[in-house]
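Count along the sequence shown starting at 1, add 4, and that's the number in our numbering.
Glycine included, every Cβ here is placed at the ideal spot set by N, Cα and C.
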Amino acid sequence: MATRRRQRPAASRRRTFGWREHLPARASVGRWCNGLLLCCALALVAVLAHRAWEGLEAMPVGRIAVAGKLENVQRDEVRRVVAGALEGGFVGADLDALRGHLEELPWVYEAAVRRRWPDTLEITVQEQLPIARWGEEGFLNHEAAVFRTRAAERWQGLPTLDGPPGSEQRLMDYYQRLRDMLAPLDLAVTTLRQDERGQLEARLAGGLHLRLGSEDFLLRVQRFIDLYRNDLQARGAEVASVDMRYASGAAVTFHEPAQVAAVEADRGQ
Numbered sequence: 005m006a007t008r009r010r011q012r013p014a015a016s017r018r019r020t021f022g023w024r025e026h027l028p029a030r031a032s033v034g035r036w037c038n039g040l041l042l043c044c045a046l047a048l049v050a051v052l053a054h055r056a057w058e059g060l061e062a063m064p065v066g067r068i069a070v071a072g073k074l075e076n077v078q079r080d081e082v083r084r085v086v087a088g089a090l091e092g093g094f095v096g097a098d099l100d101a102l103r104g105h106l107e108e109l110p111w112v113y114e115a116a117v118r119r120r121w122p123d124t125l126e127i128t129v130q131e132q133l134p135i136a137r138w139g140e141e142g143f144l145n146h147e148a149a150v151f152r153t154r155a156a157e158r159w160q161g162l163p164t165l166d167g168p169p170g171s172e173q174r175l176m177d178y179y180q181r182l183r184d185m186l187a188p189l190d191l192a193v194t195t196l197r198q199d200e201r202g203q204l205e206a207r208l209a210g211g212l213h214l215r216l217g218s219e220d221f222l223l224r225v226q227r228f229i230d231l232y233r234n235d236l237q238a239r240g241a242e243v244a245s246v247d248m249r250y251a252s253g254a255a256v257t258f259h260e261p262a263q264v265a266a267v268e269a270d271r272g273q
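Have a look at this one:
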């Protein structure tokens, strides 16, 4: 016996198809609502982040810590320079500008500035290392750069170098070679000068004046060493000057003996 298939009423089928047709529209509305909520959440996060950043920018520096071995730079002076250059608080401070202000101090060779949370600026200072005096008022550091300071009393014992602008490195090299070569003779260099023509002359401890000219620096220094060791060392206190500006040989000037000067003075009376 054939089975009869039961059919749904036509009206029922139409209502079912209509409900399914509205599904895409409802999904689109849901996605739109989700997107709106996401945009609102992102906007809220942005507002909160902006306000948090404004709060950080407004946060002042609570402490200035100065590190490094300081002998000529006062820590209070470093703190004063940093405090006077602070703009923008702890977060907004221009660290490069702060470093520049510090390196303008006379005895500061190099400075580093970094933040240490939550509110500390850490300053590391490396002082200038003076090797020699330069002219009347300046100093040469270990890189032959000139710097100046008003507090120079403690460095009066340094040797003095002097020459035309731009000759600092060359004179530093000459001084170091001359110092090392004369050290075995217990002769110390107190002054080394070079004029506009390149003529070199040195003053040694004890007052001996050494003229080296503008050529054959090492050769002339070695000739002076041989002359001093062989002929002049025994009379070192009597030697006033030695001129090495000759192709061979040298011109030596001696101090006049005190007793001879005294006798001549008596005769003149």
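Proximal residues to residue i (C-beta, below 8 Å), its chain only, five neighbours per side dropped
i: R67; result: D123, T124 and L125
i: G142; result: V150, F151 and R152
i: A101; result: A89
i: R181; result: F221, L222 and V225
i: L212; result: L191, G240, V243, A244, S245 and V246
Bridge partners - residue i, DSSP secondary structure assignment
i: G93; result: None; G93 has no bridge partner.
i: H213; result: R207 and S245
i: V256; result: V246
i: A238; result: Per DSSP, none; premise fails for A238.
i: R67; result: T124
Residue nearest to residue i in terms of C-alpha spacing, selected from the options
i: W138; options: L204, E219, L162 and F258; result: L162
i: A136; options: E172, T128, V129 and P168; result: E172
i: D98; options: Q132, R201, Q198 and V117; result: V117
i: L186; options: T164, L231 and E219; result: L231
i: D199; options: D184, L212 and G170; result: G170
i: E140; options: V95, P64 and E157; result: E157
i: E107; options: G202, V86 and A148; result: V86
i: R201; options: E219, G211 and R35; result: E219
i: T128; options: S32, L236, R103 and D235; result: R103
i: S252; options: P134, F228 and E81; result: F228
i: A148; options: R79, R174 and R183; result: R174
i: L144; options: P168, M176 and Q160; result: M176
Contact belief for residue i with residue j at Cβ below 8 Å, rounded distance in angstroms
i: L204; j: Y179; result: With 8 Å as the limit, L204 and Y179 do not qualify as a contact, their Cβ atoms being about 10 Å apart.
i: V77; j: L109; result: 6 Å
i: T257; j: A238; result: Contact doesn't hold; Cβ gap of about 17 Å is too wide.
i: V65; j: G93; result: 7 Å
Spatial neighbours of residue i in its chain, beta-carbon cut-off 7 Å, leaving aside the 5 residues before and after
i: R233; result: L189
i: G39; result: none
i: Q130; result: G72, Y113 and E114
i: W111; result: N76, V77, E131, Q132 and T153
i: R249; result: R215 and G217
i: R83; result: I68 and V70
i: L3; result: Residue coverage of the chain in this structure runs from 5 to 273, which leaves residue 3 outside it and unanswerable.
i: H54; result: Residue placement at H54 is poorly supported in this model, since its pLDDT is 49, which falls under 50; the coordinates still yield a value, given next. Result list for H54: empty, nothing under 7 Å.
Chain-order list of residues whose beta-carbon lies under 6 Å from that of residue i (same chain, five-residue window excluded)
i: W23; result: The predicted position of W23 is uncertain, since its pLDDT is 47 and thus under 50; a value taken from the coordinates is nonetheless stated next. Result list for W23: empty, nothing under 6 Å.
i: R197; result: D166 and E205
i: A192; result: A209
i: R120; result: E126
i: T195; result: T164 and R207
i: H105; result: V85 and A89
Item checked: Within the segment 110-197, ranges of the beta strand (DSSP E) (whole runs, at least 3 residues) -> 112-120, 124-131, 136-138, 142-144, 150-152 and 164-166
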